[in-house]
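According to my numbering, the residues represented by the sequence shown are 3 to 152, in order. This report refers to the structure that appears directly beneath it.
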Amino acid sequence: MEYTQEIVVNVPRARFIELFDDPASLPKWMEGLISFEPIHGTPGHPGAQSKLTFRRGRGTLEMVETVTRRDLPYAFEATYDAKGVHNVTRNEFHESGPDATRWVAHNEFRFSGLMKLAGLLFGKSFPRQSQSVMDAFKTFAESGARGDGH
3 MEYTQEIVVN VPRARFIELF DDPASLPKWM EGLISFEPIH GTPGHPGAQS KLTFRRGRGT
63 LEMVETVTRR DLPYAFEATY DAKGVHNVTR NEFHESGPDA TRWVAHNEFR FSGLMKLAGL
123 LFGKSFPRQS QSVMDAFKTF AESGARGDGH
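Written as structure tokens, this is what we have:
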């Protein structure tokens with residue numbers, strides 16, 4: 003499954019990248035994120051791996067992020083692997099005037115095992131979840147990035 007989404011965030015690209023590239027800010031805009039743990043390398047740099055743990059319903063979801071490309075402020079690419087799911091994400095960041103950034107996210111999902119069935123049954127939820135993450139980042143960044151919604 004592949005899809006592309008985009009959103010305009012009303013902050014200058016330099017500020018957008020500063021917030022996007024800060025692991026400490028992740029819990030403020032990634033719903034359910036419990037922890038971000040570096041495994042190998044420098045977080046956010048090519049070859050680096052980190053474990054992300056999310057609260058999902060009554061349980062947790064763990065995934066490993068592997069950074070594949072870092073060309074900030076223009077692009078950031080990574081893979082995310084969880085049980086039965088492989089996600090390739092290619093992010094592009096475009097200036098949309100002096101005070102706005104257009105974020106384009108290209109996503110590709112591959113499923114294995116029982117997740118093949120889940121992908122068929124719940125495939126439409128993946129783009130909705132991706133859009134929710136982008137919307138949350140927009141709200142976070144435009145709120146002054148304090149993380150309190152004000």
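By construction, the Cβ of each residue, glycine as well, lies at the ideal position given by its N, Cα and C atoms. Note that the coordinates shown come from a computational prediction; the quantities given were computed from them, not determined experimentally.
Which of helix, strand or coil DSSP assigns to residue i
{"i": "His-152", "result": "Unreliable positioning characterises His-152 in this predicted model, as indicated by a pLDDT of 40, which lies under 50. The coordinate reading is nonetheless provided below. Coil."}
{"i": "Ala-120", "result": "helix"}
{"i": "Ser-114", "result": "coil"}
{"i": "Ser-98", "result": "coil"}
{"i": "Ala-107", "result": "strand"}
{"i": "Asp-23", "result": "coil"}
Beta carbon of residue i nearer than 8 Å to that of residue j
{"i": "Gly-1", "j": "Met-117", "result": "The question about residue 1 has no answer, for the chain in this structure spans 3 to 152."}
{"i": "Leu-63", "j": "Ala-80", "result": "no"}
{"i": "Arg-72", "j": "Pro-48", "result": "yes"}
{"i": "Thr-6", "j": "Ala-138", "result": "no"}
Boundaries of the alpha helix (DSSP H) in which residue i is found, first to last residue
{"i": "Lys-140", "result": "127 to 144"}
{"i": "Arg-60", "result": "Run containing Arg-60: none; DSSP gives neither H nor E here."}
{"i": "Pro-40", "result": "That residue, Pro-40, is in no alpha helix (DSSP H); its beta strand (DSSP E) goes 35 to 42."}
{"i": "Pro-29", "result": "28 to 31"}
Residue i - partner residues in DSSP beta bridges
{"i": "Tyr-82", "result": "Glu-67 and Asn-89"}
{"i": "Asp-73", "result": "Ala-77"}
Host beta strand (DSSP E) of residue i (start-end)
{"i": "Pro-14", "result": "Looking at the DSSP string, Pro-14 is not in any beta strand (DSSP E), and its letter there is neither H nor E."}
Any non-hydrogen atom of the ligand MG closer than 7 Å to residue i Cβ
{"i": "Gly-125", "result": "Summarising the ligand content, the structure contains no ligands, and the ligand MG is consequently not present."}
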